[in-house]
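All remarks here apply to the structure that follows.
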Amino acid sequence: MRSCLVLEGGAKRGIYTAGVLDVLLENNIMTDGVIGVSAGAIHGCSYVSKQIGRSIRYNLKYNNDYRFMSFKSWLKTGNMVDTDFAYNELPEKLDIFDHKTFENNPTNFYVTCSNLKTGKAEYIRCPEMKGKYMDYLRASASMPFVSKIVEIDNKSFLDGGITDSIPLQAAFDLGYDKNIVVQTRPEGYSKKPFALKWLAKLVYKKFPEFIKALQNRHTMYNQELAQINKLQEEGKIFVIRPTRYIKIKRMETNPDIIKEMYELGRHDASAALMKLKTFLKK
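Residue numbers (my numbering): 226 to 507.
Laid out in structure tokens, this is it:
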């Protein structure tokens with residue numbers, strides 16, 4: 226049986242996932258596959274490169290750098306996250322990404338991107354975090370309205386969370402039958418309908434299928450939650466999610482809140498460790 230980590234996104238809320246992944250690494254738990262969305266993919270690649278503590282380290286160190294994530298960056302570059310800083314300078318100079326370990330790791334790494342023309346999710350296996358594969362990672366984390374469209378191989382992409390927020394079914398379809406879902410919202414959450422339909426029609430008028438995906442996202446997300454809850458009750462998947470609510474903004478700048486969210490991920494993963502090991506051994 227093949228195991229896979231399914232990692233939800235959520236911008237700064239995703240630092241919870243980084244805490245979970247660090248505990249897994251510290252306990253030598255490495256899955257056969259990882260499929261991440263947005264922030265889940267960002268932190269997931271550091272799991273595959275086995276760099277414990279990297280995500281929380283650079284999040285705290287560069288939290289107040291406007292290039293990391295800010296409206297100032299958006300006004301200057303058209304991207305809430307400065308592309309050159311986040312996907313070039315940071316991993317290659319400031320907090321170096323371990324390309325060798327990533328590429329030699331037999332764990333398959335997938336990022337989830339939204340294809341604007343089709344309005345569907347695409348799941349791209351990334352054998353390395355360079356060139357166009359880094360662009361796929363960037364596309365997966367490029368939030369609508371505050372990010373430029375990412376063009377790769379004549380296709381237009383944005384945030385994977387719009388078309389598949391928690392790609393559990395994709396993991397099953399890829400042949401993984403022992404799936405560990407890491408969510409970034411506590412149990413009982415339900416997504417509300419999209420409120421900016423008029424803006425979507427204005428900004429993405431060339432992509433009617435993507436507009437539909439934006440409008441239907443709450444339905445898709447809530448259906449995925451229902452599937453996760455059902456399969457969890459049946460013992461077919463393992464779920465780690467926040468055990469308490471922390472008020473954290475998508476662009477949170479308070480280092481104490483970011484650290485608290487990360488520590489909650491560590492706490493919840495540690496508490497679930499024995500049951501997780503049993504699940505993986507079944």
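Ideal placement from N, C-alpha and C gives every residue a C-beta, glycine not left out. Everything numeric in this text was worked out from a predicted model, so none of it was measured.
- Between T468 and P411, the C-beta spacing is below 8 angstroms.
- For the stretch 331-370, the continuous alpha helix (DSSP H) assignments of 4+ residues that do not extend past its boundaries occur at 356-365, in sequence order.
- Spatial neighbours of I482 in its own chain (CB-CB distance under 6 angstroms, excluding positions within 5 residues in sequence) are listed in chain order as I473.
- Taking a 10 Å sphere around the C-beta of S339, we find 16 or more other C-beta atoms and assign the residue as buried.
- Within a 10 Å sphere around the beta-carbon of K237 sit 16 or more other beta-carbons, which makes this residue buried.
- In the DSSP assignment, K380 forms a beta bridge with I377.
- C229 is bridged by DSSP to G258 and N404.
- With a beta-carbon spacing of about 4 angstroms, V375 and A364 fall inside the 8 angstroms limit used to define contacts.
- In the three-state reduction of the DSSP assignment, V428 falls in the helix class, which pools H, G and I.
- DSSP places F463 in the uninterrupted beta strand (DSSP E) bounded by I462 to I465.
- Excluding five sequence positions before and after D290, none of the CB atoms of its chain fall closer than 6 angstroms to its own CB.
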